[in-house]
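Just so we're aligned, residue 808 is where the sequence shown starts under this note's numbering, counting upward by one. Here a beta-carbon is modelled for each residue, glycine too, at the ideal position from N, C-alpha and C. Note that the structure is a prediction, hence the values are computed from the model and not measured.
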Amino acid sequence: NMAEGVIQIPQKATYEIQNLKFCYVLGDSSKVQSRAIEVADQHDGKNFIITKGLNKGDVVVVEGVGITVKEGMIIKPKHNNQTEAK
């Protein structure tokens, strides 16, 4: 059971640079922004528990991270490739 107020995102929504983890969030005008995050050590193999870097309601890009999605891209929210941090 997840604790109240815990933010989880799929592991595939994250990427690493020099042992630091990042994800992409949708900012103003649906523009993709890189966000540094910290995650809890324990995870279920699919999702990370975010300990720092995301707020409830942040829209996290899930599909195409490290493949098609790049910082500064405009993503039309109609596609089903993002998840809201809960």
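With distances taken between CA atoms, E845 lies nearest to T858 out of S836, T858, G834 and K838. Annotated as proximal: A847 and I856, with beta-carbon spacing under 8 Å. Within 10 angstroms of the beta-carbon of V872 lie 16 or more other beta-carbons, which makes it buried. As DSSP reads the structure, N854 sits in a beta bridge with P817. K863 and F829 have their C-alpha atoms some 16 Å from each other.
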